[in-house]
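Everything below concerns the one structure shown next.
Numbering (the numbering used here), first residue to last: 2 to 148.
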């Protein structure tokens, strides 16, 4: 694990931007930042920097499903970015509620209302397994989410 961590830090961490990159095109994504934080490749300070920087990275691959957003919120918590985690949870899952959801959707991107894994937006799962994510975080981290 130590050698893999060192290799990831050496080859994937862009010290200029503070972001972890992937592949020959040096792709930036929310997923890469979350996985590197949760895998303890990034230090706490590096994780904080990466998770804050990815939000403003213009070409970052965004999360299109609550599945990845769960891990993004978890990575924020892992780095001590509690206020950001709370806001992300409220904005993302709350955004679905504001649009009339009474269960949570398979995919949701506030910037792309036509997003569908089936290439036709009315075809989507509107009651998906990751409906439990908000309750999981609210119960596991009451000091963050119940204030």
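Just so it is clear, CB atoms sit at the ideal spot from N, CA and C, and this is done for glycine as well.
Here the structure is a predicted model, which means the values were calculated and not measured.
Quick check on residue i: buried or exposed, where buried means 16 or more other Cβ atoms within 10 Å of its Cβ?
i	result
residue 121	exposed
residue 90	buried
residue 55	buried
residue 147	exposed
residue 99	exposed
residue 187	Since the first and last residues shown for the chain are 2 and 148, residue 187 lies out of range.
residue 136	exposed
residue 19	buried
residue 75	buried
residue 86	buried
residue 82	buried
residue 26	exposed
residue 48	buried
residue 123	exposed
residue 44	exposed
residue 115	exposed
Could you pull the start and end residues of the alpha helix (DSSP H) that residue i belongs to?
i	result
residue 22	Unbroken run through residue 22 is the beta strand (DSSP E), 20-23; no alpha helix (DSSP H).
residue 12	3-13
residue 62	Premise fails: residue 62 is in no alpha helix (DSSP H) and is neither H nor E.
Please identify the residue among the options whose C-alpha is closest to the C-alpha of residue i.
i	options	result
residue 2	42, 24 and 139	42
residue 79	52, 94, 92 and 115	52
residue 125	132, 19, 107 and 60	107
residue 129	111, 112, 140 and 94	94
residue 61	37, 133, 48 and 28	28
residue 65	38, 97 and 44	97
residue 50	17, 142 and 87	17
residue 73	39, 114, 127 and 26	39
residue 144	127, 13, 134 and 84	84
residue 101	127, 68, 32 and 118	127
residue 139	37, 88 and 6	88
Please state the DSSP three-state secondary structure of residue i.
i	result
residue 49	helix
residue 42	coil
residue 34	helix
Fill in: Those runs of the alpha helix (DSSP H) which lie wholly inside the stretch 69-140 and span at least 4 residues
Scanning the stretch 69-140 for uninterrupted alpha helix (DSSP H) segments of 4 residues or longer gives 83-99, listed from N- to C-terminal end.
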